[in-house]
Amino acid sequence: VRREELCNSKLIGMVERVNKIQDAYVSHCVDYFGSNMSMLVESLVGQISDGVEKLCGRRSSAQGSRSYHNSSLTTLSQDTHLGCKALLGVITSSLFRMSCASDSTLSKIGELVLKLQKGPVALVLEIKNTIFNILEAVAQHPDILLSNPGAILGALVPVLSISMINSQSGDTRFLCAKVLCDMVLFYISEIYGSTEVCEPAEEARYQEIERLLNEQIQENILPNLPSLLNDEDPIPLYSLKMLIAILDFNPELTSVVSELGLLPNFISYLSLDHPNNNVHNLRLCKIMTSTMEVPLDELLKYGIVERAASVLSYTCENMVEAFMEPSLELCFAIISRVLEQGDRKSLNVMAETCIQKIVNLGKHADVGVSEMAGKCVSMLS
Numbered sequence: 003v004r005r006e007e008l009c010n011s012k013l014i015g016m017v018e019r020v021n022k023i024q025d026a027y028v029s030h031c032v033d034y035f036g037s038n039m040s041m042l043v044e045s046l047v048g049q050i051s052d053g054v055e056k057l058c059g060r061r062s063s064a065q066g067s068r069s070y071h072n073s074s075l076t077t078l079s080q081d082t083h084l085g086c087k088a089l090l091g092v093i094t095s096s097l098f099r100m101s102c103a104s105d106s107t108l109s110k111i112g113e114l115v116l117k118l119q120k121g122p123v124a125l126v127l128e129i130k131n132t133i134f135n136i137l138e139a140v141a142q143h144p145d146i147l148l149s150n151p152g153a154i155l156g157a158l159v160p161v162l163s164i165s166m167i168n169s170q171s172g173d174t175r176f177l178c179a180k181v182l183c184d185m186v187l188f189y190i191s192e193i194y195g196s197t198e199v200c201e202p203a204e205e206a207r208y209q210e211i212e213r214l215l216n217e218q219i220q221e222n223i224l225p226n227l228p229s230l231l232n233d234e235d236p237i238p239l240y241s242l243k244m245l246i247a248i249l250d251f252n253p254e255l256t257s258v259v260s261e262l263g264l265l266p267n268f269i270s271y272l273s274l275d276h277p278n279n280n281v282h283n284l285r286l287c288k289i290m291t292s293t294m295e296v297p298l299d300e301l302l303k304y305g306i307v308e309r310a311a312s313v314l315s316y317t318c319e320n321m322v323e324a325f326m327e328p329s330l331e332l333c334f335a336i337i338s339r340v341l342e343q344g345d346r347k348s349l350n351v352m353a354e355t356c357i358q359k360i361v362n363l364g365k366h367a368d369v370g371v372s373e374m375a376g377k378c379v380s381m382l383s
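Just so it is clear: in the sequence shown, position 114 is 116 by our numbering, and no numbers are missing.
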């Protein structure tokens with residue numbers, strides 16, 4: 003029996019259904035099948051890797067050889083794709099997916115992402131799409147992410163970071179950014195959630211995750227931000243979403259972001275027709291406004307008062323609920339900074355165009371919105 007047949011999604015589905023039967027013999031058979039799944043997965047990943055290597059890594063010599071005519075390459079591509087679909091079936095199985103969490107398997111999946119970028123599109127497109135489905139499945143299953151954070155943060159994250167910048171394919175860059183964002187946000191939420199008292203071993207594990215995550219953020223994510231923000235949509239959206247989570251996670255990195263010279267980008271996104279004018283960017287602008295690492299003169303030079311006032315006016319006039327609180331928080335940060343370090347006249351535009359709108363928001367049903375509106379009014383009056 004071929005490996006991909008043993009890992010076939012239909013067979014796995016049948017095994018999962020059979021496993022619900024309350025029978026000792028059936029349970030023993032399922033346990034035996036499961037105990038061998040890790041070995042099958044390792045072998046299957048090796049088979050996929052060999053196929054991709056022949057299709058991509060040595061394609062020039064392979065295509066020139068008699069043993070690799072076009073029909074042979076097509077067959078090899080189809081067989082490799084079947085192997086990928088079988089691996090996807092395992093990794094999406096609640097019963098067997100942990101068989102895919104070994105260092106070797108995760109590392110080889112990362113290597114496949116890099117190798118597939120060199121392959122002929124006609125032969126590797128379906129393989130590449132399925133590999134990204136596998137990566138998305140990894141990012142969506144906490145048990146895999148938590149079982150081997152060392153391999154994911156040490157092997158997969160660097161590959162995704164490299165590929166989302168260097169790949170010639172816009173689709174590949176987008177998929178890498180999406181999967182990377184999902185992984186980073188998951189680990190950040192887990193570290194936040196570990197603040198409760200836990201066992202020493204558990205605490206040490208979360209500290210290791212935090213160390214590895216910080217390392218990847220500083221080495222492979224933040225340095226790539228300028229390129230990501232200038233890429234095609236929706237890559238900048240995922241970059242902004244990831245960045246605001248990173249700064250919430252580690253506020254000390256605000257100075258690093260400031261040094262990247264991205265302030266003009268963030269402020270320029272505060273434009274009604276800009277695709278990056280979103281909640282994530284509003285929160286980023288608030289953070290950059292609140293930090294003393296960014297000189298007030300720079301904020302004013304790039305027009306943050308006028309742009310923030312324009313976004314808030316539009317938000318009020320069109321009742322854009324999602325923007326209300328973050329827009330007010332940004333305005334409050336600007337007002338506080340100007341009153342502390344600058345000339346009150348810098349706020350004239352905001353006072354003239356927004357004061358009545360902010361007063362009206364003081365009656366908003368959302369307590370967060372009404373309280374923030376009250377604070378802004380008291381400081382602007």
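Backbone N, C-alpha and C define an ideal beta-carbon position, used for all residues, glycine too.
N- and C-terminal bounds of the alpha helix (DSSP H) containing residue i
i: N216; result: 202-218
i: S165; result: 159-168
i: A247; result: 237-251
i: L230; result: 227-231
i: V123; result: 123-142
i: E323; result: 323-343
i: K303; result: 298-303
i: P33; result: Reading off the sequence, residue 33 comes out as Asp, not Pro. Looking at the DSSP string, the run of the alpha helix (DSSP H) that includes D33 is 26-37.
Residue i - DSSP class collapsed to helix/strand/coil
i: M16; result: helix
i: Y2; result: Any answer about residue 2 is impossible in this case: the structure gives the chain only from 3 up to 383.
i: P438; result: The question about residue 438 has no answer here: the residues shown for the chain are numbered 3 through 383.
i: K365; result: coil
i: E261; result: helix
i: S171; result: coil
i: L42; result: helix
i: Y316; result: helix
i: Y271; result: coil
i: Q358; result: helix
i: L349; result: helix
i: I23; result: coil
i: T256; result: helix
i: S372; result: helix
i: K120; result: coil
i: T293; result: coil
i: S149; result: helix
i: S383; result: coil
i: E234; result: coil
CB contact flag (residue i, residue j, <8 Å)
i: V54; j: L114; result: yes
i: L230; j: M166; result: yes
i: S163; j: N222; result: yes
i: L363; j: L341; result: no
i: I306; j: C287; result: yes
i: I336; j: L382; result: no
i: A310; j: L332; result: yes
i: F268; j: N283; result: yes
i: L265; j: M294; result: no
i: L224; j: L262; result: yes
i: V32; j: V92; result: no
i: F134; j: L182; result: no
i: R175; j: I237; result: yes
i: I154; j: M100; result: no
i: L90; j: V17; result: no
i: Q218; j: P160; result: yes
message: So, does the segment 140-148 touch the segment 78-86, judging by three or more C-beta pairs under 8 Å?
response: no
Complete runs of the alpha helix (DSSP H) confined to the segment 48-115 [at least 4 residues]: 61-65, 72-93
- prompt: Using 8 Å as the Cβ pair cut-off and three pairs as the minimum, do the segment 104-122 and the segment 14-33 touch?
  reply: Flag = no, the segment 104-122 and the segment 14-33 do not touch.
field: Cβ contact (3+ pairs, closer than 8 Å) linking the segment 82-98 and the segment 121-137
entry: yes
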